[in-house]
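Input: a single structure, listed below in structure tokens.
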Amino acid sequence: MHRPFVPLSSSASGPLPRQAMAVLEPEQWAASLQALGEAPGAQRCTEKLTPAAGPVCVTGASGFIALHLVEQLLEKGYKVVGTVRSLANGAKLAPLREFQRKFGEDKLRIAGGVDCLKPETFRDAVAGCVGVFHTASPFHFQAKDPMKDLVEPAL
Numbered sequence: 001m002h003r004p005f006v007p008l009s010s011s012a013s014g015p016l017p018r019q020a021m022a023v024l025e026p027e028q029w030a031a032s033l034q035a036l037g038e039a040p041g042a043q044r045c046t047e048k049l050t051p052a053a054g055p056v057c058v059t060g061a062s063g064f065i066a067l068h069l070v071e072q073l074l075e076k077g078y079k080v081v082g083t084v085r086s087l088a089n090g091a092k093l094a095p096l097r098e099f100q101r102k103f104g105e106d107k108l109r110i111a112g113g114v115d116c117l118k119p120e121t122f123r124d125a126v127a128g129c130v131g132v133f134h135t136a137s138p139f140h141f142q143a144k145d146p147m148k149d150l151v152e153p154a155l
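Numbered per UniProt numbering, the sequence shown spans residues 1 to 155.
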């Protein structure tokens, strides 16, 4: 079985692994599906995806790591839906707009107004997608408890 991600420990003590992506624990997965209105019995993808399978979603698509991921997916022939918090920041969207010019607007759709602290905002972006690369993460300078305020909402 192909398993590209490493699960994070649910323990809040000790440092987190250095992996950029994580598999959701079963209870987190169920909560995410419920927030999106999906059936509780839906399964995580364990099959290797191919471009022919359908579009994939990359959350936080204007971020540093996500931009590299989006470009690699487009180069390999995937259709991508990239989520961003706002469509108003032209400078932050410039690399994504360049990808649209290079690969075609039909290959990259930019979905604005998606906030990782509000799971219901993902519904339209992930509709029809066969996979999701969750790279979005909330960040603000007012975090009193980094684990609670920044890490946990990202999972």
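Quick reminder that beta carbons are idealized off the backbone N, C-alpha and C, glycines included.
Let's test the definition: count the other Cβ atoms within 10 Å of the Cβ of residue i and tell me whether it reaches 16, buried, or not, exposed.
{"i": "Thr-59", "result": "buried"}
{"i": "Thr-50", "result": "exposed"}
{"i": "Phe-64", "result": "exposed"}
{"i": "Met-21", "result": "Note on Met-21: pLDDT 35, under 50, position unreliable in the model; the coordinate value appears next. Exposed is the call here."}
{"i": "Ala-61", "result": "buried"}
{"i": "His-68", "result": "exposed"}
{"i": "Pro-55", "result": "buried"}
{"i": "residue 159", "result": "Here the chain has residues from 1 to 155 only, and residue 159 is not among them."}
{"i": "Lys-118", "result": "exposed"}
Determine the extent of the alpha helix (DSSP H) in which residue i is found, giving its start and end residues.
{"i": "Arg-109", "result": "Careful: Arg-109 lies outside any alpha helix (DSSP H), inside the beta strand (DSSP E) at 108-111."}
{"i": "Val-126", "result": "123-126"}
{"i": "Glu-120", "result": "Taken as a continuous stretch (DSSP letters only), Glu-120 belongs to no alpha helix (DSSP H), as it is neither H nor E."}
What is the DSSP secondary structure of residue i, counted as helix, strand or coil?
{"i": "Gly-90", "result": "helix"}
{"i": "Val-56", "result": "strand"}
{"i": "Lys-102", "result": "helix"}
{"i": "Lys-148", "result": "helix"}
{"i": "Gln-142", "result": "coil"}
Starting from residue i, trace the beta strand (DSSP E) in both directions and tell me its first and last residue.
{"i": "Phe-133", "result": "131-134"}
{"i": "Val-81", "result": "80-83"}
Using only alpha-carbon positions, find the residue among the options that is nearest to residue i.
{"i": "Lys-107", "options": "Met-147, Arg-97, Val-114 and Gly-113", "result": "Arg-97"}
{"i": "Arg-85", "options": "Leu-73, Val-114, Phe-103 and Lys-102", "result": "Val-114"}
{"i": "Leu-103", "options": "Val-81, Cys-116, Ala-66 and Leu-74", "result": "Rather than Leu, the amino acid found at residue 103 in this sequence is Phe. It is Leu-74 whose Cα lies nearest to the Cα of Phe-103."}
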